[in-house]
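Colleague: Heads up: the sequence shown begins at 310 in my numbering, then just goes up one per residue. Ideal Cβ positions, reconstructed from N, Cα and C, are used throughout, including at glycine.
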Amino acid sequence: MRQSQLTCRTRRQAPAQIQAPGQSLLVRAGMLEQIQGGLWAYMPLLARSLQKLYGLIKRRLSQSGFEEVAIPLLRPVIWDEAIEEVQGILLKDQRLAIGGDCTGALGTVAGHTIQSHRDLPRYLFCLSKSFSDKPRPGLGLLDPREFDVIEAFTFDPSSDASERSYQGILEACSDVFTGIGLKHEVFDSDPGPAAKCSQSLVATNQYGDHLWLRCDRCGYKADAQWACSRLDQYPQDQQQLPMESVLGEGLISTEAIARFLGIPLWKTTKTMLFEADGRPVAVMVRGDCEVSLAKTRKALGCKRLQLLPAAQVRQLTGCDIGYLGPVGLPQEVLLIADHYVSGRVNFECGANRTNYHLINVNLGRDLPMPRLEDIRLAKPGDGCPRCDGRLEGQVGLEFVRLCRSVPIGEFSYVDATGNRQGIFIGRCTLNMTRVIGILAEQFHDQAGLCWPACIAPFLVHLIGLNLEDPQTCQSCQQVYQRLLGDNIDVLYDDRMLPAGQKFADSDLIGLPVRLTASKRSLAAGGLEYKPRSDKQSQIVDIDMAMALIKDLAARY
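#1: Locate the beta strand (DSSP E) running through E701, then write down its first and last residues.
#2: Assess contact between the segment 509 to 524 and the segment 480 to 494, defined as three or more Cβ pairs (one per stretch) separated by less than 8 Å. Is contact present?
#3: Which residues does DSSP pair with L614 in a beta bridge?
#4: Smallest Cα separation from F298: which of G834, R823, I745?
#5: So what's I734 in DSSP terms, helix, strand or just coil?
#6: What does the Cβ neighbour count give for E390, buried or exposed, with the cut at 16 atoms within 10 Å?
#7: Measure the C-alpha to C-alpha separation of S846 and L415 and round it to an integer number of angstroms.
#8: Beta-carbon within less than 7 Å of C759's beta-carbon, same chain only, minus the 5 sequence neighbours each way: which residues are those?
#9: Please say whether L540 and E599 have beta carbons closer to each other than 7 Å?
#10: Of all the options D410, Y665, A585, L354, which has the alpha carbon lying nearest to the alpha carbon of R311?
#11: With respect to the alpha helix (DSSP H) encompassing Y472, which residues constitute its N-terminal and C-terminal limits?
#12: Just confirm the distance between the C-beta atoms of D465 and S474, as a whole number of angstroms; I'd bet it's less than 8 Å.
#13: Can you tell me whether V622 is buried or exposed? The criterion is at least 16 other CB atoms within 10 Å of its CB, across all chains shown.
#14: For Q624, which three-state DSSP category applies?
#15: Which stretch, first to last residue, makes up the alpha helix (DSSP H) that contains S333?
#16: Using the C-alpha atoms, what's the distance from C435 back to Q476?
#17: Our contact map puts D586 next to K612 with C-beta atoms below 8 Å; I'd like the distance itself, whole angstroms only.
#18: Could you check where the beta strand (DSSP E) with D465 kicks off and where it finishes?
#19: Mapping DSSP to helix, strand and coil, what is Y789?
#20: How many angstroms separate the CA atom of I392 from the CA atom of F812?
#21: Go to E599, then tell me how far its alpha helix (DSSP H) extends in each direction, as first and last residue.
#22: By DSSP, does A391 sit in helix, in strand, or in coil?
#23: Just the C-alpha distance for P381 and L405, rounded to the nearest angstrom, thanks.
#24: Measure how close the beta-carbons of D858 and G835 come, nearest whole angstrom, since I'm counting them as under 8 Å.
#25: Round the Cβ separation of T563 and T580 to the nearest angstrom and send it over; I've been treating them as touching at under 8 Å.
#26: With DSSP as the reference, label Q314 as helix, strand or coil.
#27: Determine the direct distance from the alpha carbon of Y722 to that of N740, and round the result to whole angstroms.
#28: Quick one: what's got a C-beta closer than 8 Å to Q549's C-beta in the same chain, skipping five residues either side?
#29: Given L448, which residues of its chain have a CB within under 7 Å of its CB, disregarding the five upstream and five downstream residues?
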């Protein structure tokens, strides 16, 4: 490709709203153009990288037995009354949606083709579009409004077979990204209402939208919403005191209540009211803790869990939010509590009366022992659940989500004995757009991008200098044609521009190898050969340059 014919305009500066340095460099390199807040156009160079990334993933999935299916962007909507939401863009008649989750479409395909045990296992994947209604425009491809995803599904006859398939697709994803050089970690994550287990591939990054916890001592890693942890235990009062009601007007935070009462924060209590699949549920944790929605949903076995608004709380309990407590709740409200609320003596909680709190409350005396579950949000500094270490936190970006589910009614097959059995389904969702954005963050320096060779738009950037000289121009053309003849991806800078501008653009674009042909290099016996990661170039003869480039190309 001749750079004079390339639709690419480099910039000295990116728009001020672009926050992440890698995304700024994508814009400055002319690879990314903003159409509107959160909407981005892949320009020719970046489109080539995206296609190469897709090729790598597709090749690795094919090696693992996956077949590609092309599904329509317009998909039938299958409403789940418990969830009452549809991913993608819902059309007016509410029977069709644009983009979003491929599960229904691929499930339909699988349902039509899988009839008996002879049809299993079956592995399918597709390339699709998905959308976000909460984009962060300043983060470019890290969090856009529209993004490209690969969704892969495994259909197996048994739990053991499903586990093997799950591990196989996890290995395939790790192979691809380890091969590229993308730094990532695997964390346990929220499996959602239908899945049995789930893991995420995460790139830790200061622009992450999620907190991930790890123990460096034993290697435990999990999403903060899903992680287990240990809390410190404290000495308790030796004697139970009479429960009392205390006026604490305007005191709605546990920190303010603890200061007002002169008690430690762990002795206060947070009580929150939710609606779980239509049923009111009160959730109780220690005052120094927060509620994990993911673990609460799993403990209740519900699909839909949402916090009740203030008006409904007032209608149900007669008090304002901030004064809720577990004592005297209406009979229709189910109460569940975190394990760490038990064992406390003489704790505080809301009185279910605006401006009032209860002190010296004790489980088993002032209210029945509630159902105890692990529903507390783990946080950095908590004890590791597997060893005596402490959890550390890091924000990061999830770019692959894997989950494995138990059989569900609509997917079944006839086994060898003629009985109908449920199909075990595994799913992998890979956000290719975010992967490209993460690579830009991980592979750059102050001068520009530094693409890994396997997904670089071109392998070689051939810089032609002194092109006004006919002999030098002819030599450059010959080198260019020779590279093309050897099937090397090459971008030839044939523009009539000063050398400094050409070199600056080359560093900004960040192709793996820069070859410079000029009067000086040709007179010295060849070309200037410079890998993007090296500070200095070296003069090598043309045959040696070709050999080095072929060797690099052969690795990928």
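Modeller: In terms of the structure at hand:
#1: 701 to 714
#2: yes
#3: A585
#4: Absent from the model: residue 298. The displayed extent of the chain is 310 to 865, so no value can be given.
#5: strand
#6: A caution first: E390 carries a pLDDT of 41, below 50, which makes its placement in the model too unreliable to give a value.
#7: 51 Å
#8: F752, H753, G819, R841, S842
#9: no
#10: L354
#11: Sequence inspection shows Glu at residue 472; the Tyr mentioned does not correspond to that position. Residues 468 to 489.
#12: 5 Å
#13: buried
#14: helix
#15: 330 to 337
#16: 19 Å
#17: 6 Å
#18: 455 to 465
#19: helix
#20: The predicted position of I392 is uncertain, since its pLDDT is 41 and thus under 50; a value taken from the coordinates is nonetheless stated next. If you take the alpha carbons of I392 and F812, they lie about 55 Å apart.
#21: No alpha helix (DSSP H) contains E599, which DSSP labels as neither H nor E.
#22: Bear in mind that the predicted position of A391 carries a pLDDT of just 38, short of 50, making it unreliable; the figure below should be weighed with that in mind. It is coil, neither helix nor strand.
#23: 11 Å
#24: Note that residue 858 is Ile in the sequence shown here, rather than Asp. Actually they do not touch by this definition, with Cβ atoms about 13 Å apart.
#25: The Cβ separation is near 10 Å, so there is no contact.
#26: helix
#27: 31 Å
#28: V654, N655, N669, N671, R674
#29: Q328, A329, Q332, Y516
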